[in-house]
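**Q** Residues in the sequence shown are numbered from 1 upward in steps of one, following full-length UniProt numbering. Here you go, one structure.
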Amino acid sequence: MIALHNAVGGLDTEKLPFSLFDRNGRYVQALLTANKRVNMEGEIIGAFCFLQIASPELQQALEVQRQQEKKCLARMKELAYICQEIKNPLNGIRFTNSLLENTDLTEDQKQFLETSAACEKQILKIIRDVDLESIENGSLELEKAEFLLGSVINAVVSQTMLLLRERNLQLLRDIPEEIKTLAVYGDQARIQQVLADFLLNMVRYAPSSAGWVEIHVCPTLKQISDGHTLVHTEFKIVCPGEGLPPELVQDMFHSSRWVTQEGLGLSMCRKILKLMNGEVQYIRESERCYFLVILEVPMPRKGGKSASN
């Protein structure tokens with residue numbers, strides 16, 4: 001009825017899947033095409049309807065389509081369930097951490113708790129903003145808050161430690177000491193997410209025989225005309241050998257398709273980085289490969305809470 005109404009209203013409907021039972025009680029699949037019918041003056045006076053009975057090949061294609069839609073719906077329900085239920089144990093972790101914060105802790109223990117809280121915040125951010133379309137179309141809402149760049153590095157490194165141990169790799173760090181106390185302004189959880197994904201993929205594909213992955217951090221300060229100071233930071237994440245598989249690199253830099261889950265993650269992180277006015281390159285040399293991540297974030301104004309309004 002909707003197709004007929006649209007046709008009478010001037011909108012053509014092409015090959016709408018349509019099912020019915022014939023006079024023998026058999027279930028028949030068909031395609032319905034509805035086009036407007038006009039008189040000599042061009043006025044719409046009705047509709048032409050064409051019913052195409054599906055061939056065996058078409059029936060098979062329609063069945064495949066239905067199964068894919070059913071599978072997609074099931075995946076969406078699973079994702080919604082996971083996003084909802086994962087919040088409960090995260091609340092438990094947050095509460096436990098809050099209890100530990102009120103005990104006598106060493107400086108190292110305080111840093112461990114801070115890193116744990118940063119990773120927990122990153123998980124919650126991903127769950128709440130699971131709509132990939134907002135990342136694709138650039139409408140993702142980014143948080144603006146003050147944080148220490150050193151806290152980001154600690155959280156990123158912590159997310160790779162288990163995999164480093166499993167693969168018997170050493171993480172080499174070339175990170176200036178001033179990074180620990182360098183305050184900047186932006187979306188801490190998203191920056192963590194992006195850098196951790198790039199680093200984890202390098203660890204995942206680094207050859208175990210080489211025994212290392214390396215991260216370089218190079219910050220420089222830039223004064224801009226309105227009185228703000230920007231921290232221009234280059235992150236270089238290096239591994240020896242051939243590095244990422246070619247299909248993974250294709251997934252990362254081609255938005256129209258993706259083949260692997262890791263490729264989807266890298267593609268989304270590249271787009272999130274772009275939303276933060278950053279960029280990433282993947283460079284393959286003769287004996288090593290590396291991600292070069294460039295990001296500029298403002299420093300908080302002296303005497304103010306933020307670097308921008």
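Where is the CB? At the ideal position from N, CA and C, for every residue including glycine.
For Glu285 and Glu63, what's the separation of their Cα atoms in angstroms?
**A** Residue numbering aside, residue 285 sits at position 285 when the sequence shown is read from its first letter. Residue numbering aside, residue 63 sits at position 63 when the sequence shown is read from its first letter. For Glu285 and Glu63, the distance between alpha carbons rounds to 48 Å.
**Q** Where does the unbroken beta strand (DSSP E) through Gln122 begin, and where does it stop?
**A** Start at 1 with the first residue of the sequence shown, and residue 122 comes out as number 122. Run containing Gln122: none in the beta strand (DSSP E); it sits in the alpha helix (DSSP H), 107-128.
**Q** Do the stretch 142-152 and the stretch 184-191 touch if we need at least three Cβ pairs shorter than 8 Å?
**A** Touching, yes.
**Q** Taking DSSP's pairing of strands, which residues face Tyr185 in a bridge?
**A** On the sequence shown, position 185 is the one that residue 185 refers to. According to DSSP, Tyr185 bridges with Glu146.
**Q** Kindly give me the distance between the Cβ atoms of Gln65 and Leu31, rounded to whole angstroms, as I take these residues to be in contact under 8 Å.
**A** Here residue 65 is taken as the residue at index 65 of the sequence shown, counted from 1. Here residue 31 is taken as the residue at index 31 of the sequence shown, counted from 1. Rounded, the Cβ-Cβ distance is 12 Å, inconsistent with contact.
**Q** Are the beta-carbon atoms belonging to Trp212 and Pro240 less than 9 Å from one another?
**A** Within the sequence shown, residue 212 is the residue found at index 212, counting from 1. Within the sequence shown, residue 240 is the residue found at index 240, counting from 1. Yes, the pair counts as a contact, with Cβ atoms nearer than the cut-off.
**Q** When the Cα atoms are used, what is the spatial distance from Met161 to Asn201?
**A** Here residue 161 is taken as the residue at index 161 of the sequence shown, counted from 1. Here residue 201 is taken as the residue at index 201 of the sequence shown, counted from 1. Rounded to the nearest angstrom, the two C-alpha atoms are 13 Å apart.
**Q** Measuring alpha carbon to alpha carbon, tell me which residue in Val203, Met268, Glu178 is nearest Thr233.
**A** If you number the sequence shown from 1, residue 233 lands on position 233. It is Glu178.
**Q** Let's test the definition: count the other Cβ atoms within 10 Å of the Cβ of Cys83 and tell me whether it reaches 16, buried, or not, exposed.
**A** For this step, residue 83 is matched to residue 83 along the sequence shown. Classification for Cys83: exposed.
**Q** Counting Cβ pairs closer than 8 Å, one from the stretch 78-94 and one from the stretch 127-138, do we hit at least three?
**A** yes
**Q** Does residue 321 come out as helix, strand or coil in the three-state DSSP assignment?
**A** Since the displayed the chain opens at 1 and closes at 309, residue 321 lies outside it and no answer follows.
**Q** By how many angstroms is the C-alpha of Glu242 removed from the C-alpha of Glu287?
**A** Translated into the one-based positions of the sequence shown, residue 287 becomes position 287. Translated into the one-based positions of the sequence shown, residue 242 becomes position 242. Approximately 7 Å between the Cα atoms of the pair.
**Q** Using the three-state DSSP reduction, which class does Gln60 fall into: helix, strand or coil?
**A** Stepping through the sequence shown from its first residue, residue 60 is reached at position 60. Looking at Gln60 - three-state DSSP - the assignment turns out to be helix.
**Q** Of the residues Leu99, Pro207, Pro176, Leu172, which one's Cα is nearest the Cα of Ala117?
**A** Translated into positions along the sequence shown, residue 117 becomes position 117. When only C-alpha atoms are compared, the closest one is Leu99.
**Q** Give me the residue from Val194, Ile237, Gly278, Arg204 with the minimum Cα distance to Met268.
**A** As a position in the sequence shown, residue 268 is number 268, starting the count at 1. If we check each option's Cα against that of Met268, Val194 comes out closest.
**Q** On the premise that Val238 lies in contact with Tyr282, defined as a C-beta separation below 8 Å, what is that separation, rounded to the nearest angstrom?
**A** Here the question's residue 282 lines up with position 282 in the sequence shown. Here the question's residue 238 lines up with position 238 in the sequence shown. That belief does not hold up - the Cβ atoms of Tyr282 and Val238 are roughly 11 Å apart, past 8 Å.
**Q** If Gly150 and Lys180 are in contact, beta carbons under 8 Å, what's the gap, nearest whole angstrom?
**A** Reading the sequence shown from its first residue, position 150 is the one you call residue 150. Reading the sequence shown from its first residue, position 180 is the one you call residue 180. Yes, they are in contact, since the Cβ atoms of Gly150 and Lys180 sit about 4 Å apart, within 8 Å.
**Q** Kindly give me the distance between the Cβ atoms of Leu230 and Ile215, rounded to whole angstroms, as I take these residues to be in contact under 8 Å.
**A** For the purposes of this step, residue 230 is taken as residue 230 along the sequence shown, with counting starting at 1. For the purposes of this step, residue 215 is taken as residue 215 along the sequence shown, with counting starting at 1. Not really, about 22 Å apart at Cβ, beyond 8 Å.
**Q** What is the DSSP secondary structure of Pro219, reduced to helix, strand or coil?
**A** Within the sequence shown, the letter at position 219 stands for residue 219. Pro219: strand per DSSP, three-state reduction.
**Q** Measuring alpha carbon to alpha carbon, tell me which residue in Ser139, Glu262, Arg301, Val280 is nearest Ile224.
**A** By one-based count along the sequence shown, residue 224 stands at place 224. The option with the nearest alpha carbon to Ile224 is Arg301.
**Q** What residue range does the alpha helix (DSSP H) around residue 314 cover?
**A** No statement about residue 314 is possible, as the shown extent of the chain runs from 1 to 309 and does not include it.
**Q** Quick check on Ser308: buried or exposed, where buried means 16 or more other Cβ atoms within 10 Å of its Cβ?
**A** As a working mapping, residue 308 is identified with position 308 in the sequence shown. Because Ser308 sits at a pLDDT of 41, beneath the cut-off of 50, its placement in the model cannot be relied upon, and the point is left open.
**Q** Work out the CA separation of Arg75 and Phe18 for me, nearest whole Å.
**A** Translated into the one-based positions of the sequence shown, residue 18 becomes position 18. Translated into the one-based positions of the sequence shown, residue 75 becomes position 75. Cα to Cα, the separation comes out at about 25 Å.
**Q** Do Val152 and Ile191 have their C-beta atoms closer together than 9 Å?
**A** Start at 1 with the first residue of the sequence shown, and residue 152 comes out as number 152. Start at 1 with the first residue of the sequence shown, and residue 191 comes out as number 191. Judged by beta-carbon spacing, Ile191 lies within the 9 Å limit of Val152, meaning their Cβ atoms are closer than that value.
**Q** Please classify Thr115 as buried or exposed, where buried requires at least 16 neighbouring CB atoms within 10 angstroms.
**A** Numbered from its first residue, the sequence shown carries residue 115 at position 115. Thr115 is buried by the Cβ-count criterion.
**Q** Per DSSP, which one or two residues make a beta bridge with Gln52?
**A** Indexing the sequence shown from 1 puts residue 52 at position 52. The partner list for Gln52 (beta bridge, DSSP) reads Leu31.
**Q** Which residues in the same chain have their Cβ closer than 6 Å to the Cβ of Val293, if we skip the five residues on either side of it in sequence?
**A** As a first step, residue 293 must be located in the sequence shown, where it is residue number 293. Same-chain partners within the cutoff: Phe235, Val280.
**Q** In this structure, does DSSP put Gly46 in helix, strand or coil?
**A** As a first step, residue 46 must be located in the sequence shown, where it is residue number 46. Three-state DSSP puts Gly46 in a strand.
**Q** Taking the alpha carbon of Leu275 as the point to measure from, which residue in Ile44, Leu164, Asn137, Leu221 has its own alpha carbon closest?
**A** Position 275 of the sequence shown holds residue 275. Taking only the C-alpha atoms, the option nearest Leu275 is Asn137.
**Q** Does DSSP put Lys180 in a helix, a strand or coil?
**A** Within the sequence shown, residue 180 is the residue found at index 180, counting from 1. Lys180: helix per DSSP, three-state reduction.
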